[in-house]
Each structure stands twice: as C-alpha cells, then as structure tokens.
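Q:
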Amino acid sequence: MATPIVQRTYSADEIMTSSPPIWSPVKQLVFDLSSPLGTRHRGELQFRRWYVEDFPELMPSGPDLIITGKENVYDYVPLGDDESALAWHVNFADPELFVAYGSPLMAQDEIQAAEHPVLGALREKLLTDPSESITLTVEAGEPTPITIANIERRCIVMTDADQEKARPNGLYGNRFAKASPEIIRNAVIPLNPSTQSNLIAMAAPYGGFGEYDRAEVKYILQTAYTGFDAVRSETMRLKSSNAQVHIHTGFWGCGAFGGNRLLMLLLQIYAAKLAQVNSLVIHTVDQTGSDWLKEAQNRISGHLENTPGQFIQWIVSLNLRWGESDGN
C-alpha cells in the first residue's frame with residue numbers, strides 16, 4: 014500500500030494571497046486573462062508526497078485495465094455524475110516540482126501550471142515549508158511522486174498550430190516566449206466557471222543513451238508504479254474503497270527528457286495494471302502517436318500477467334534505445 018512521506022492541505026484562495034505566483038511577463042499575461050483582479054480561487058488542495066514502493070511478487074488479481082487512446086492533448090473532460098470515480102492526469106515533472114512554472118517556457122509541465130495557476134502559489138508556499146525536500150519528486154536517486162487533488166483549472170492554453178490565429182508552428186515549448194501579446198491573448202480561453210483537476214507529478218529519467226539497461230527499466234517502472242498506486246490510495250481516501258481510478262497520460266519522459274516512446278508506453282501500461290488502475294487514457298496528440306500506442310498494445314499482449322521481474326526482463330530483451338531531447 015502506498016505510504017505518504019508528507020501531507021499538507023491548503024486553501025487555494027489563501028495561498029494565492031499569502032504566496033502569490035511569480036510570473037515572467039508572458040505568463041503574467043496568461044494569468045491576467047484567466048484570473049482578473051478580484052478573482053476568488055476555489056478549492057482545498059490535498060498535497061501528498063510518497064515513498065517509493067517495492068513491486069508485488071506477482072501480478073495482483075484486480076480489475077481489467079481499459080486502455081483508451083485519444084488523438085489530442087489533455088482535454089480534462091469531466092467524468093460526469095459518476096461519484097464513484099476519480100480522474101487523474103500525469104504531470105511530466107522535473108525532479109524539482111514546478112521549478113519552471115513562471116518561466117517563459119511552455120512545455121507540458123508549464124502548461125498545466127499556467128492553466129492551474131494555484132500550482133505556482135503552491136510551489137512558493139512549499140519553498141517555505143520546514144520539510145526541505147518537500148518539492149522533490151526524486152530524492153537520493155529514488156522516485157518520490159507527488160499527488161495534488163482539487164486543483165482549480167482557470168483557463169485553456171492552446172499551443173497547437175493554427176494559421177488563422179497567427180501561430181503556424183504552434184506555441185509549444187520555447188516558441189511561447191517569442192509570441193506577441195496579441196497571439197497569446199488569442200491562445201488563452203478563460204474557463205467560467207472554472208473546473209477542478211487532480212495531478213500525479215512524477216519525474217522520468219533523462220540523459221540516457223544507447224540501449225536501456227535493466228536498472229533503467231526497473232527505475233522507470235518503479236516510478237510509474239509508485240505514482241499510480243499512490244493515485245489509487247488517494248482515490249480510495251477521497252472517494253471510497255471501491256472507487257474507480259482513471260489515469261490520463263501520454264508520452265511521459267519523451268520530450269525534453271529524450272525517452273523512447275514505445276518503452277515509456279509499455280512501462281506505463283504495465284504499471285497501471287500492477288497498481289490495479291481501472292482506466293488508462295493515453296493522449297497520443299496525433300496519428301504518429303496513435304501508431305505508437307497501437308504497437309505498444311500489440312507488443313504487450315500476452316505479457317500483462319508477467320511478474321514484475323519477468324516483465325522487466327522482457328522489456329530489456331527488446332533492446333530499445335534512448336531517443337533525443339526535443340529541446341523543450
């Protein structure tokens with residue numbers, strides 16, 4: 014069972030006042046559009062940082078894992094009136110939680126912080142916490158994923174390519190910093206009313222090269238398993254012991270960190286099964302991403318009941334290689 018290292022509860026409106034986010038000029042514009050002067054920020058953040066978990070010896074008997082591909086980025090579509098389920102979205106975290114939230118950069122981590130501005134205040138608040146390692150998603154070489162529930166989402170930041178909106182190459186990554194105020198205004202859609210999201214922040218390894226070795230594969234799987242099992246524990250705590258767990262993810266660790274798309278999908282799928290997650294929604298962005306998901310599902314068929322040791326050995330036998338950073 015997942016065990017928290019530290020847990021905190023914060024009023025969103027209170028920390029937005031006492032520990033306000035510090036934005037670069039382009040991010041300040043996004044914030045001003047999403048949260049005009051006088052905005053009251055709602056929600057009570059549930060923050061948990063988790064100890065790394067050992068694998069169970071065998072694949073536990075649990076629910077069938079439903080895998081769905083969506084050819085888009087996170088859309089945060091609500092579950093509707095299903096009170097017996099909770100949806101979570103993977104934050105492609107840095108080892109230092111939300112470290113670049115206020116920078117001009119707009120990669121996956123920073124998009125989430127811009128759309129959920131209370132995350133900037135959360136980081137500023139955590140930096141004053143007595144627990145010096147509270148912002149670390151990796152400590153002493155071991156993963157320490159962080160769950161955050163009840164986060165207010167105040168806007169949508171469109172980073173896709175759109176010729177009519179004067180962003181022919183999109184605004185993802187470093188392009189956002191170079192965009193004019195007018196282009197940014199056209200890319201931000203305020204949400205009224207705002208919605209709420211739940212995140213699991215976990216850091217993939219980076220900087221590898223050549224073929225993945227056993228230690229690297231085990232580390233990635235252990236990170237994903239710890240994060241996903243923490244999500245299950247939080248869902249049970251916040252909802253009920255039989256509540257359904259829905260996790261949204263994508264090509265975690267495959268952008269700036271240079272991970273292999275196929276390997277990262279295979280390990281996330283197995284980790285979700287191992288953590289007894291009900292539904293794994295993989296946002297593939299485009300047709301190429303969907304093709305990678307299809308290949309992952311074909312390859313993993315017949316291996317989902319493997320023991321963790323067997324599965325790791327099978328992954329190593331595929332001789333998959335590290336990719337390259339996309340520079341974002």
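Going by this note's numbering, the letters in the sequence shown line up with residues 14 to 341, in that order.
Where is the CB? At the ideal position from N, CA and C, for every residue including glycine.
On a predicted model such as this, the values are computed, not experimentally measured, just so you know.
(1) What would DSSP say about S330, mapped onto helix, strand or coil?
(2) Tell me whether E224 is buried or exposed, calling it buried when 16 or more other Cβ atoms sit within 10 Å of its Cβ.
(3) Under a three-way DSSP split, which group does Q289 fall into?
(4) Pairing CB atoms from the stretch 157–169 with CB atoms from the stretch 129–141, are three or more of them under 8 Å?
(5) Just verifying my parser: in three-state terms, what is the DSSP assignment at I313?
(6) Is P33 closer than 9 Å to R136 when the C-beta atoms are compared?
(7) Kindly indicate the opening and closing residues of the beta strand (DSSP E) around T248.
(8) Provide the residue span of the beta strand (DSSP E) that contains P17, from first to last.
(9) Taking the continuous alpha helix (DSSP H) assigned at V39, which residues delimit it?
(10) Taking the alpha-carbon positions, what's the L46 to E70 distance?
(11) Check whether the Cβ atoms of K286 and M14 lie closer than 9 Å to each other.
(12) Do you know offhand how far I161's Cα is from I147's?
(13) If you reduce the DSSP assignment to three classes, tell me which class F68 lands in.
(14) Does the beta-carbon of A6 have 16 or more other beta-carbons within 10 angstroms, so that it is buried, or is it exposed?
(15) Do you know offhand how far G266's Cα is from A174's?
(16) May I ask which residues mark the beginning and end of the beta strand (DSSP E) holding V258?
(17) If you drop the 5 nearest sequence neighbours on each side, which residues of the same chain put their C-beta closer than 6 Å to that of S338?
(18) Measuring CA to CA, which of G336, N332, E318 and Q323 is closest to P76?
(19) I'd like to check one pair, T30 with L58: are the Cβ atoms closer than 9 Å?
(20) Please state the DSSP three-state secondary structure of L189.
(21) The alpha helix (DSSP H) spanning R198 covers which residue range?
(22) The beta strand (DSSP E) spanning I159 covers which residue range?
(23) Helix, strand or coil for W101? Go by DSSP, reduced to three states.
(24) Which two residues bound the contiguous beta strand (DSSP E) that contains R61?
(25) Along the chain, where does the beta strand (DSSP E) that runs through K178 open and close?
(26) Use the C-beta contact count for G263: other C-beta atoms within 10 angstroms, 16 or more gives buried, fewer gives exposed.
A: Inspection of the coordinates gives the following:
(1) To locate residue 330, count along the sequence shown from 1; it is residue 317. Judged by DSSP in its simplified three-state form, S330 adopts helix.
(2) Numbered from its first residue, the sequence shown carries residue 224 at position 211. Burial call: exposed.
(3) Residue numbering aside, residue 289 sits at position 276 when the sequence shown is read from its first letter. Assignment of Q289 by DSSP, reduced to helix, strand and coil, places it in the coil class.
(4) With a cut-off of 8 Å, the stretch 129–141 and the stretch 157–169 count as touching, because enough Cβ pairs lie within range.
(5) Residue mapping note: residue 313 aligns to position 300 of the sequence shown, counting from 1. I313 falls in the helix class under three-state DSSP.
(6) Taking the sequence shown and counting its residues from 1, the one referred to as residue 136 is at position 123. Taking the sequence shown and counting its residues from 1, the one referred to as residue 33 is at position 20. Their beta carbons are not under 9 Å apart, which means R136 does not touch P33 by this criterion.
(7) Looking up residue 248 in the sequence shown gives position 235. Per DSSP, T248 belongs to no beta strand (DSSP E); it is in the alpha helix (DSSP H), R227 to L251.
(8) Position 4 of the sequence shown, counted from the start, is the residue given in the question as residue 17. P17 -> beta strand (DSSP E) spans P17 to S24.
(9) Within the sequence shown, numbered from 1, the residue matching residue 39 stands at position 26. From DSSP, the alpha helix (DSSP H) with V39 extends over P38 to S47.
(10) In the sequence shown, residue 46 corresponds to position 33, counting from 1. In the sequence shown, residue 70 corresponds to position 57, counting from 1. L46 and E70 have their C-alpha atoms some 50 Å from each other.
(11) For the purposes of this step, residue 286 is identified with residue 273 of the sequence shown, where counting begins at 1. For the purposes of this step, residue 14 is identified with residue 1 of the sequence shown, where counting begins at 1. No; because the gap between Cβ atoms is not below 9 Å, this pair is not in contact.
(12) Along the sequence shown, one-based indexing puts residue 161 at 148. Along the sequence shown, one-based indexing puts residue 147 at 134. I161 and I147 have their C-alpha atoms some 13 Å from each other.
(13) For the purposes of this step, residue 68 is identified with residue 55 of the sequence shown, where counting begins at 1. If DSSP states are grouped into helix, strand and coil, F68 belongs with coil.
(14) An answer regarding residue 6 cannot be provided, because it is not within the stretch 14 to 341 covered by the chain.
(15) The residue you call residue 266 lines up with position 253 of the sequence shown. The residue you call residue 174 lines up with position 161 of the sequence shown. So the two alpha carbons sit approximately 22 Å from each other.
(16) Here residue 258 refers to the residue found at position 245 of the sequence shown. From DSSP, the beta strand (DSSP E) with V258 extends over Q257 to T262.
(17) On the sequence shown, residue 338 is found 325 positions in, with the first residue counted as 1. Result list for S338: A269 and G271, in chain order.
(18) Position 63 of the sequence shown, counted from the first residue, corresponds to residue 76. The candidate whose alpha carbon is nearest that of P76 is E318.
(19) The residue labelled residue 58 in the question sits at position 45 within the sequence shown. The residue labelled residue 30 in the question sits at position 17 within the sequence shown. Result no, Cβ atoms of L58 and T30 do not sit closer than 9 Å.
(20) Working through the sequence shown from its first residue, we reach residue 189 at position 176. In the sequence as displayed, the identity of residue 189 is Phe instead of Leu. Here F189 sits in helix by DSSP.
(21) For the purposes of this step, residue 198 is taken as residue 185 along the sequence shown, with counting starting at 1. Start and end: P194 to A200.
(22) By one-based count along the sequence shown, residue 159 stands at place 146. I159 to V170 is the span of the beta strand (DSSP E), which, as asked, contains I159.
(23) Here the question's residue 101 lines up with position 88 in the sequence shown. Note: W101 maps to strand in three-state DSSP.
(24) Counted from its first residue, the sequence shown places residue 61 at position 48. E57 to W63 is the extent of the beta strand (DSSP E) around R61.
(25) For the purposes of this step, residue 178 is taken as residue 165 along the sequence shown, with counting starting at 1. From DSSP, K178 is part of no beta strand (DSSP E); its letter is neither H nor E.
(26) The residue you call residue 263 lines up with position 250 of the sequence shown. G263 should be labelled buried.
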